[in-house]
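Notes follow the structure.
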Amino acid sequence: MDLRLYTERLTLIACPPRVAAAAYGGRRQIETLVGARVAEDWLDSDGRALLSYYSRQIDADPTMLGWGLWLIQHTAERIVFGSAGFKGKPDADGMIEIGYGISATYRRQGYTFEAARALVDWAFQQPGVKRLTAECLPNNAGSARILEKLGMARTGIDGGYIKWLLVP
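Reminder that position 38 of the sequence shown reads as 125 in the working numbering, one-by-one numbering, no gaps.
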């Protein structure tokens, strides 16, 4: 199944299992699979670890597609420069958590917000989703601004992270 979302500048691709499985095969292997370049500073050791983790998740439960990692591709430049997504399917209370990360080269240009907005809109169209949460470090002003622009409210601090909530 090929699941994609489109925004003004981006194509978000629900990460296919074969792409996630190629995490340690290197950037070139992933480029071949997605048909686009991959930003060098995005697929670092943290990026590979995230893809590897997601690969294990989707292998265990193929219905995770859409509820895990989404690749962020600049449509015009045909380059994957980040990822965003959810940390699993909605729980019994209809809650999901969103996270994101992009290449330093593409920061401060509105791309993260654009991707997150598309994912939030998609999520609230899915059956059973009632609440969206997120967390960020107190010193991550950029992430806090994105969460505020999404309409999320701060709910407190736990474990050194600011917690956020959005209820449509």
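Ideal placement from N, C-alpha and C gives every residue a C-beta, glycine not left out.
These numbers come from a predicted model, not from an experiment.
- Distance from Thr98 to Thr162 at the Cβ level is roughly 5 Å; contact confirmed, criterion being Cβ atoms closer than 8 Å.
- Here Glu222 is buried, its C-beta having at least 16 other C-beta atoms within 10 Å.
- Straight-line measurement puts the Cα of Met151 at about 18 Å from the Cα of Ala205.
- In this structure, DSSP gives Asp146 a helical state, which the three-state scheme calls helix.
- Under the DSSP assignment, Tyr193 falls outside any alpha helix (DSSP H); it carries neither an H nor an E label.
- Pairing Ala171 with Ala203 gives a Cβ-Cβ distance under 8 Å.
- With fewer than 16 other CB atoms across the displayed protein chains lying within 10 angstroms of its CB, Leu224 is exposed.
- The closest CA to that of Leu138, considering only Pro214, Trp157, Ala210, is found on Trp157.
- The residues Glu222, Cys223, Leu224, in chain order, have a CB closer than 7 Å to that of Tyr248 in the same chain once the five nearest residues on each side in sequence are set aside.
- Restricting attention to Glu235, Ile185, Phe168, Ser190, the CA atom closest to the CA of Arg218 is found in Ile185.
- Unbroken beta strand (DSSP E) stretches of 3 residues or longer found wholly inside the segment 171-253: 182-189, 218-223, 240-245, 248-253, given in chain order.
- Per DSSP, the beta-bridge partners of Gln160 are Thr98, Val167.
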